[in-house]
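In the working numbering, the protein residues as written are 60 to 198.
Here a beta-carbon is modelled for each residue, glycine too, at the ideal position from N, C-alpha and C.
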Amino acid sequence: MGGRNHVIKRNYESLPNEIWKEHKIYDVSLSNFGRLRHPPPVRSKTLPGHITKGHRNRRSGKKETYDYVVHCKYRDTRKSASRRVHVLILEAFGFVKKDGDVCDHIDGNSENNLLENLEFVSPEENQHRRRAMEKLNKK
Numbered sequence: 060m061g062g063r064n065h066v067i068k069r070n071y072e073s074l075p076n077e078i079w080k081e082h083k084i085y086d087v088s089l090s091n092f093g094r095l096r097h098p099p100p101v102r103s104k105t106l107p108g109h110i111t112k113g114h115r116n117r118r119s120g121k122k123e124t125y126d127y128v129v130h131c132k133y134r135d136t137r138k139s140a141s142r143r144v145h146v147l148i149l150e151a152f153g154f155v156k157k158d159g160d161v162c163d164h165i166d167g168n169s170e171n172n173l174l175e176n177l178e179f180v181s182p183e184e185n186q187h188r189r190r191a192m193e194k195l196n197k198k
């Protein structure tokens with residue numbers, strides 16, 4: 060039971076109203092629904108790349124807080140990199156990250172990567188929102 064020998068059903072279908080954008084630096088496409096599509100296999104002429112949310116990753120120092128990461132390749136050098144999906148989504152849809160900015164999940168759920176739930180903010184603004192959300196949840 061368990062282990063890595065389970066069958067993975069690959070998803071190749073877009074959802075209704077899903078918009079896809081290619082990332083300018085990494086060889087991956089991202090959707091407004093928080094999903095990503097890897098490029099098609101090299102030998103395939105008809106099969107599109109499979110669609111996923113990325114790999115669930117426990118955030119450092121947080122016991123029950125997760126976000127999604129993806130291993131992707133640079134378009135120019137083909138070297139691999141591990142990147143957080145929520146940042147890639149904002150970049151693919153044209154949002155510009157200023158020096159020091161972080162990606163904020165507006166609803167406080169780090170697993171919700173819908174485009175409408177993401178924005179770049181200063182670390183101070185991110186902390187302010189998190190504290191406000193914690194106060195609301197305590198009531």
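According to DSSP, is residue i part of a helix, a strand, or is it coil?
{"i": "S181", "result": "coil"}
{"i": "I67", "result": "For I67, the pLDDT reaches just 45, beneath the cut-off of 50, and the residue's location in the model is therefore unreliable, leaving the point undetermined."}
{"i": "I148", "result": "helix"}
{"i": "H164", "result": "strand"}
{"i": "R190", "result": "helix"}
{"i": "S73", "result": "coil"}
{"i": "K132", "result": "strand"}
{"i": "K197", "result": "helix"}
Could you spell out the range, first to last residue, of the beta strand (DSSP E) harbouring residue i?
{"i": "D86", "result": "Counting along the chain, D86 falls outside any beta strand (DSSP E), and DSSP gives it neither H nor E."}
{"i": "E200", "result": "Since the first and last residues shown for the chain are 60 and 198, residue 200 lies out of range."}
{"i": "R94", "result": "From DSSP, R94 is part of no beta strand (DSSP E); its letter is neither H nor E."}
{"i": "S141", "result": "S139 to R143"}
Rounded to the nearest angstrom, how far is the Cβ of residue i from that of residue j, given a contact under 8 Å?
{"i": "L89", "j": "K80", "result": "6 Å"}
{"i": "F179", "j": "D158", "result": "With 8 Å as the limit, F179 and D158 do not qualify as a contact, their Cβ atoms being about 11 Å apart."}
{"i": "V144", "j": "V128", "result": "7 Å"}
{"i": "D126", "j": "S181", "result": "So it is not a contact: roughly 19 Å between Cβ atoms."}
{"i": "L177", "j": "L149", "result": "5 Å"}
So is the beta-carbon of residue i under 8 Å away from any non-hydrogen atom of the ligand ATP?
{"i": "K112", "result": "Among the components of this structure there are no ligands whatsoever, and the ligand ATP is therefore not found."}
Considering only the alpha carbon of each residue, which of the options lies closest to residue i?
{"i": "A151", "options": "N168, K157 and L174", "result": "L174"}
{"i": "P98", "options": "R115, Y133, P75 and N76", "result": "Y133"}
{"i": "H85", "options": "R190, I110 and R96", "result": "Sequence check: residue 85 is Tyr here, not His. Among R190, I110 and R96, the Cα nearest to that of Y85 is on R96."}
{"i": "I110", "options": "H187, E72 and V128", "result": "E72"}
{"i": "F92", "options": "H130, L147 and R190", "result": "L147"}
(Q) With three or more C-beta pairs closer than 8 Å as the rule, is the region 128–141 touching the region 163–174? (A) no
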